[in-house]
Amino acid sequence: MGKIKIGINGFGRIGRLVARVALQSEDVELVAVNDPFITTEYMTYMFKYDTVHGHWKHSDIKLKDSKTLLFGEKPVTVFGFRNPEEIPWGEAGADYVVESTGVFTDKDKAVGKVLPELNGKLTGMSFRVPTVDVSVVDLTVRLEKAASYEDIKKAIKAASEGPLKGIMGYTEADLVSTDFTGDSRSSIFDAKAGIALNEHFVKLVSWYDNEWGYSNRVVDLIRHIFKTQ
C-alpha cells in the first residue's frame with residue numbers, strides 16, 4: 048500500500064504544523080501547499096523557525112525554484128491561488144487536502160454534527176490569555192447518574208490506558224500549561240485540578256496543545272478516511 052498523499056491549503060501556524068506531522072510520518076506524504084499571501088522564501092523561513100515548537104531539525108529545507116520546496120530531497124509543489132476551486136491538487140498528486148486557512152471554520156455549527164448526542168446540551172466560552180500555546184478545558188457537568196470523583200478519575204485513567212491511549216492522557220503530577228507544549232494527545236486530564244461539589248455536580252480540568260495536538264488529529268483523520276474508503 049502506497050503513502051497517503053496530501054495537500055495543505057493555507058500555510059499559517061496550523062498548516063505548517065500539519066506539514067511537520069506529515070513529514071515525520073512514514074505513511075503520509077506531503078505533495079503540495081497553497082497560500083497566495085506569502086512567498087516561498089517566507090514559507091521556508093516560517094516553517095524552519097517556530098518560536099513555540101522549535102527549529103525544524105529532521106531534514107534540510109530549501110527552495111528548488113519559485114514553485115517548489117525541497118524537504119531534504121523531497122519536492123513539494125507550491126501554489127498561490129486565492130480561489131480554492133482553481134487549485135490543481137490533482138496535478139500535484141494530492142488525494143486529500145487539509146483546509147487550514149480558517150476561512151471555512153465554524154465550530155459552533157460543527158459540534159452538533161460531529162457529536163450529535165451533545166447537540167443542545169453543550170455550551171461554552173473561550174478566553175484569550177497571554178500564553179504562546181496550550182489551552183485548558185474547564186468542564187462543569189451535571190450528572191444524571193451519581194458518581195464520586197474517584198470513580199470518574201478511575202474511568203478516565205482506564206480509557207487513557209485502553210481505547211483512548213495516545214489520544215487522551217491522565218496525570219496526577221503538579222504541572223502547568225507550558226508542560227504540555229508539544230504533547231500530541233488531544234486531552235490530558237488533570238486529576239488534581241478537578242473538584243466534585245457532590246456526586247451529581249463536578250468540575251473537570253483537561254489540558255491540550257491546541258496547535259500540535261490538533262495537527263496530529265488532522266493527520267489521523269486523513270488516515271481514517273483513507274482506510275475506510
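Position 177 of the sequence shown, counting from 1, maps to 224 under the working numbering, and the rest follow consecutively. Cβ coordinates follow ideal geometry from the N, Cα and C atoms, glycine included.
Selection from the options that minimises the alpha carbon distance to residue i
i: residue 58; options: 193, 235, 243 and 95; result: 95
i: residue 146; options: 63, 200 and 92; result: 63
i: residue 120; options: 82, 149 and 76; result: 76
i: residue 92; options: 78, 118, 73 and 69; result: 118
i: residue 258; options: 231, 214 and 114; result: 231
i: residue 223; options: 69, 89, 193 and 182; result: 182
i: residue 253; options: 123, 204 and 194; result: 204
i: residue 202; options: 170, 251, 225 and 122; result: 251
i: residue 194; options: 243, 90 and 140; result: 243
i: residue 60; options: 140, 272, 271 and 260; result: 260
i: residue 229; options: 89, 85 and 97; result: 97
i: residue 89; options: 100, 187 and 115; result: 115
i: residue 262; options: 135, 111 and 214; result: 214
Counted within 10 angstroms of its Cβ, other Cβ atoms place residue i as buried (16 or more) or exposed
i: residue 16; result: Residue 16 cannot be examined here, being either before or after the span of the chain that is shown, 48 to 276.
i: residue 87; result: buried
i: residue 216; result: buried
i: residue 133; result: exposed
i: residue 54; result: buried
i: residue 233; result: buried
i: residue 256; result: buried
i: residue 189; result: exposed
i: residue 66; result: buried
i: residue 179; result: exposed
i: residue 174; result: exposed
i: residue 113; result: exposed
i: residue 124; result: buried
i: residue 237; result: buried
i: residue 272; result: exposed
i: residue 130; result: exposed
Three-state secondary structure assigned by DSSP to residue i
i: residue 131; result: helix
i: residue 112; result: strand
i: residue 145; result: strand
i: residue 189; result: strand
i: residue 163; result: helix
i: residue 176; result: coil
i: residue 236; result: strand
i: residue 269; result: helix
i: residue 57; result: coil
i: residue 124; result: strand
i: residue 241; result: coil
Residue i versus residue j - alpha carbon distance
i: residue 105; j: residue 71; result: 8 Å
i: residue 166; j: residue 160; result: 8 Å
i: residue 177; j: residue 149; result: 21 Å
i: residue 249; j: residue 200; result: 12 Å
i: residue 276; j: residue 268; result: 12 Å
i: residue 265; j: residue 73; result: 16 Å
i: residue 68; j: residue 245; result: 42 Å
i: residue 162; j: residue 221; result: 32 Å
i: residue 109; j: residue 197; result: 53 Å
i: residue 50; j: residue 226; result: 33 Å
i: residue 56; j: residue 187; result: 36 Å
i: residue 99; j: residue 85; result: 20 Å
i: residue 83; j: residue 235; result: 36 Å
i: residue 101; j: residue 107; result: 15 Å
i: residue 170; j: residue 184; result: 12 Å
i: residue 210; j: residue 139; result: 36 Å
Rounded Cβ spacing between residue i and residue j (contact assumed at less than 8 Å)
i: residue 128; j: residue 81; result: 6 Å
i: residue 52; j: residue 142; result: 5 Å
Proximity test, residue i beta-carbon vs the ligand SAH heavy atom, cut-off 7 Å
i: residue 202; result: The ligand SAH is not among the ligands present in this structure, which contains no ligands whatsoever.
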